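Structure, as structure tokens:
In structure tokens, the structure reads:
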């Protein structure tokens with residue numbers, strides 16, 4: 341039977357700063373840190389959940 345797909349070599353990763361994105365647990369840890377930050381802001385400042393998410397987002401984008 342004829343080969344239906346081409347065998348292609350993936351391009352080399354030129355940006356070595358992006359390697360850590362594929363490590364196991366990176367995205368789970370990222371979401372966990374955002375959630376814990378939300379809980380801390382919610383408990384320390386005593387604001388509404390929406391305001392706490394706003395502060396987490398502002399802090400996240402400021403970093």
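Residue numbers (this note's numbering): 341 to 403. Even glycine gets a Cβ: it sits at the ideal position worked out from N, Cα and C. All values reported here derive from a predicted model rather than from experimental measurement.
By how many angstroms is the C-alpha of residue j removed from the C-alpha of residue i?
| i | j | result |
| --- | --- | --- |
| residue 395 | residue 381 | 8 Å |
| residue 403 | residue 358 | 18 Å |
| residue 384 | residue 398 | 17 Å |
| residue 365 | residue 356 | 19 Å |
| residue 387 | residue 367 | 27 Å |
| residue 390 | residue 369 | 22 Å |
| residue 348 | residue 376 | 43 Å |
What is the residue span of the alpha helix (DSSP H) that residue i lies within?
| i | result |
| --- | --- |
| residue 402 | 389-402 |
| residue 369 | 366-385 |
List the whole-angstrom C-beta distance separating residue i from residue j, where the pair is believed to meet the contact cut-off of C-beta under 8 Å.
| i | j | result |
| --- | --- | --- |
| residue 393 | residue 378 | 6 Å |
Taking 7 Å as the CB-CB limit, is residue i close to chain B?
| i | result |
| --- | --- |
| residue 343 | As a matter of chain content, chain B is missing from the structure shown, which is built from one protein chain. |
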